[in-house]
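Heads up: the sequence shown runs through residues 718 to 1359, numbered per the working numbering.
Here's the structure, in structure tokens; my notes come after.
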Amino acid sequence: MTEMASITHDFEECEDKSVYFTLSLYVSEKKVTAALGAPLGAETVRDFQRGYRGSKRLRDAVEPLFNDIADRERLGAVDDFLLDTLCPQNGEFIEITAPDEIAWSTEGRRFIATPPGLGKARTLRIRRFWYTHANGAIGYHLSFRYNYDHTPGEFYFLSLLQKAAAPKEFEAAPRPHGAPPFRATDDRTGIAPLDLLRVKSPRGEDLSFWQYVRASFDLDAEDLFGKLPRDPGKGQAPPLAPTFDALVAEAPFIEVPGLVMPVSRLLFFFEDATFFRRLLPEPDKVTGVPPPRTLMVQEECYLPYQRKLDGLNPRGLVDVPEIRMGPDYWHWVINRPDYDQFTDAQIDAARKTRPGMDDRRRQDCLQYLFIAGFNQNIIDFMNQDPSEILDSTDPIYPATEEQATERKFVRFANPRALTTYVEKARSLEAANDYIGTCPYAFMIHVVSMHNEFMTREYEASAFELIDEVEKLGNKGRLKRAAEAFYAFRTGQYANYYRDRYMNVFRYDTESEVFEKMTQLRGIGRRNDYIERLISNMESQTRDREARLAKKDESAMNLLLGALGVFGFFQLAMMWADKLRDLSRNDEVSVSLSWVPPFLDLSGGNLDQPWNEFSVFVLYASMTFTIALVIFLVWRLIRGFLR
């Protein structure tokens, strides 16, 4: 292997047995706004892109490839943009040195591996660039290219690269009680991939992997944010510093207690004809049907690995068994002397029922072990049985036999990484000199990452709303709670569904992978959960508001009833005053009776027109009042009997 083979001054040739690894960091719209003093609008970036470093070169070369597979247009314009960095046009070359020995813990055991060649210095090419999203969020992407061999040392180095970004199976160093958690950029964490992968940058620095990423980000961010239009408005808070520590979010790494990691997502693109043939076997020349995966991964090839590891187990009772995979073990793995007993004729005969078998050293088994472990980010890949290998080599694409016959690519995904294997990719050749990876795979990766982190921000804002509404509800301030829901629906809710990418891909190959990524990253599940949670809380708030309104209405009705009773007594007093006037002034005889009309008036001056009218009004009001009382009593009895 020549690590810098085919890297010329102008163009870099993509070769077999090469991996293109993209580490992506996400800077949210809120942090971009805080750094610039105003939201980063699409028109601002469109004008800025033309004159910022080599951004126009990136745009002209790569964005048409994005548009080939994705409908990126919104309202007649594309509002996502590639921006250049300080990285040289031909890439930046760094030297990474891994430790000679690597140790990890899993399944209650501690493994120590010293595969030959692990500790040598390796040269990797890096390309760095920004990708801005329509809502003003920005992604920072570092694409590493490395040519490798099919050896245990190289396989462990590739695994360590993934572990540097997602170091599960490792433990942090002990911390004093109450001490802050370790950060990936600390000088010492006790976690081998974070501490022992050393990077020598072109600037002459000797750094850990994440210290190199931070240093690169700080240089590129200072240049970008220093040249983007800013809004130093009066009375605003001081702008957020354009640094890694200020802009890149961190989160607890749940697999390693006591560690927080920069929030990142990974894209791996392998151009490897052998790996591709392992994952998508060629059709049989006679039947035209490719051999099933169960025929490619047979138990008798993997049982010896298990027995060999079991033989390394310490004898006797120990708290944590320590398994040291030393030179003798790796000599056995590389040479497989257990096959020396077979003649060449027997080996040739065995190939007819073992299509993955290339030679008596059974390197196909070692390769399957690595691929299966890498797909799931497992460094303990030598310790797998066939069922685990088959599970981990079951791709998200192709998902059907018809798709498999196309033999384009094989894609796998875990919660943090999208991994693609190809035999050869023209699209990679087209974009490698610009973004350092396949543009089609990158488009799936960057859209999924944006949706995932937007969903996480939306989830956080939804829980903030719920806390606020609960506090307002406990205080009986339901009108304010309703206003909070309205503000959420017209604010964060509307922004989320406006700025989140739908399935923008034109072809089934990318479209299906995007849907699988949406499921795997929990985007769809979170959407449904949040919507149910918000809708339920909103419904409960409305129900409570309706109950309180009904209670207020009942109180008002009671008050009105009391006023009615008071009015009736006033009316009765008016009747009494009138009858008294008729009796005193007009000498009218007044008598009450239990027989309708209950009141008898006679004699006196009743024949006078004004008295006749007064008596008429008196009888009419009394009749109406009695009828109203009877009606109300009837309604009360009817309501009670229902």
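All C-beta atoms, glycine included, are put in the ideal place defined by N, C-alpha and C.
Own chain residues within Cβ distance below 6 Å of residue i, not counting five before or after
{"i": "G1090", "result": "F1098"}
{"i": "I1106", "result": "V1014, Y1085 and A1089"}
{"i": "E1146", "result": "C731"}
{"i": "C1155", "result": "F986, A1142, S1144 and L1145"}
{"i": "F861", "result": "F738, L841 and I843"}
{"i": "Y873", "result": "P832 and L835"}
{"i": "V1037", "result": "R827"}
{"i": "G1073", "result": "M1013 and D1081"}
{"i": "E939", "result": "P959"}
{"i": "M721", "result": "Residue confidence for M721 is low, a pLDDT of 43 falling below 50, so the modelled location carries little weight; the figure read from the coordinates is stated next. Closer than 6 Å at Cβ, skipping near neighbours: T840."}
{"i": "F1170", "result": "Y743"}
Candidates the options: closest to residue i by CA position
{"i": "Y1056", "options": "D1075, T761, V930 and I829", "result": "D1075"}
{"i": "N1092", "options": "Y857, L924, L878 and S1252", "result": "L878"}
{"i": "Q972", "options": "S822, A794 and Q928", "result": "First, the amino acid is wrong: residue 972 is Glu here, not Gln. Looking at the Cα atoms, S822 is the closest of the given residues."}
{"i": "L800", "options": "T761, I819, I829 and P832", "result": "T761"}
{"i": "H1167", "options": "R1217, A1158, S1178 and E1248", "result": "R1217"}
{"i": "V1164", "options": "D903, N807, E1232 and A882", "result": "E1232"}
{"i": "E812", "options": "L740, D923 and Y1336", "result": "D923"}
{"i": "F798", "options": "D764, A882, D1102 and V1221", "result": "D764"}
{"i": "G853", "options": "A1337, I1343, W1351 and Y1213", "result": "Y1213"}
{"i": "A890", "options": "A909, A881 and E1176", "result": "A909"}
{"i": "P898", "options": "A759, G975, G943 and W1049", "result": "G975"}
{"i": "T1172", "options": "R1194, M1219 and G1153", "result": "M1219"}
{"i": "Q766", "options": "E746, V795 and N1244", "result": "V795"}
{"i": "E1181", "options": "R1194, L1195 and F1202", "result": "F1202"}
CB contact flag (residue i, residue j, <8 Å)
{"i": "L911", "j": "P816", "result": "no"}
{"i": "M1234", "j": "A1134", "result": "no"}
{"i": "Y857", "j": "V744", "result": "yes"}
{"i": "I1161", "j": "E1227", "result": "yes"}
{"i": "E729", "j": "N1149", "result": "yes"}
{"i": "R1041", "j": "R1079", "result": "no"}
{"i": "Y1019", "j": "P1103", "result": "yes"}
{"i": "A990", "j": "E1140", "result": "yes"}
{"i": "I786", "j": "R1124", "result": "no"}
{"i": "E1229", "j": "A1116", "result": "yes"}
{"i": "I1096", "j": "E886", "result": "yes"}
{"i": "D866", "j": "K734", "result": "yes"}
{"i": "F829", "j": "E1039", "result": "At residue 829 the sequence reads Ile, which differs from the Phe that was named. Going by C-beta atoms, I829 is nearer than 8 Å to E1039."}
Residues near residue i by beta carbon distance below 7 Å, same chain, minus five either side
{"i": "K748", "result": "L957 and L964"}
{"i": "P1000", "result": "V1006 and P1007"}
{"i": "S723", "result": "Any reading at S723 must be qualified, since the residue scores a pLDDT of 44, below 50, and its modelled position is unreliable; no value is offered."}
{"i": "E1119", "result": "none"}
{"i": "V977", "result": "P898, R900, E967, A968, P969 and F970"}
{"i": "Q1287", "result": "none"}
{"i": "P998", "result": "P1007, P1008, M1013 and P1072"}
Presumed contact (8 Å Cβ cut-off) between residue i and residue j, rounded CB distance
{"i": "A838", "j": "T868", "result": "A838 to T868, Cβ: 16 Å. No contact."}
{"i": "A851", "j": "R776", "result": "That pair is no contact at about 16 Å."}
{"i": "A1362", "j": "V1186", "result": "There is no way to answer for residue 1362, as the model of the chain reaches only from 718 to 1359."}
{"i": "K1069", "j": "Y1046", "result": "Not confirmed; about 31 Å, so no contact."}
{"i": "E1176", "j": "I1251", "result": "Contact flag wrong, Cβ pair sits at about 11 Å."}
{"i": "R845", "j": "D937", "result": "6 Å"}
{"i": "V736", "j": "L875", "result": "6 Å"}
{"i": "I1064", "j": "V779", "result": "Going by Cβ atoms, the distance from I1064 to V779 rounds to 47 Å, so no, they are not a contact pair."}
{"i": "S741", "j": "R982", "result": "5 Å"}
{"i": "D948", "j": "A755", "result": "4 Å"}
{"i": "A896", "j": "W927", "result": "About 19 Å separates the two Cβ atoms, so there is no contact after all."}
{"i": "S1178", "j": "Q1209", "result": "4 Å"}
{"i": "P1132", "j": "L984", "result": "About 14 Å separates the two Cβ atoms, so there is no contact after all."}
{"i": "V1050", "j": "L1083", "result": "6 Å"}
Close-in-space but distant-in-sequence residues of the same chain around residue i (CB under 8 Å, 5 per side omitted)
{"i": "L996", "result": "I1088, T1110, P1112, V1127 and Y1138"}
{"i": "Y929", "result": "I811, V916, S918 and E922"}
{"i": "L753", "result": "F942, L945, P946, R947, D948 and P956"}
{"i": "H726", "result": "Note that H726 scores a pLDDT of 44, beneath 50, so its modelled location is shaky and nothing firm can be said."}
{"i": "E1016", "result": "D1102 and P1103"}
DSSP bridge partner residues for residue i (one or two, in chain order)
{"i": "P897", "result": "Its beta-bridge partners do not exist; DSSP assigns none."}
{"i": "S860", "result": "T739 and R844"}
{"i": "V1139", "result": "E988"}
{"i": "P979", "result": "E967"}
{"i": "N1052", "result": "DSSP lists no partner for N1052."}
{"i": "Y1151", "result": "Paired residue(s): none; Y1151 is not in a bridge."}
{"i": "R1041", "result": "I829"}
{"i": "Y1114", "result": "R1128"}
{"i": "T823", "result": "R826"}
{"i": "E809", "result": "I843"}
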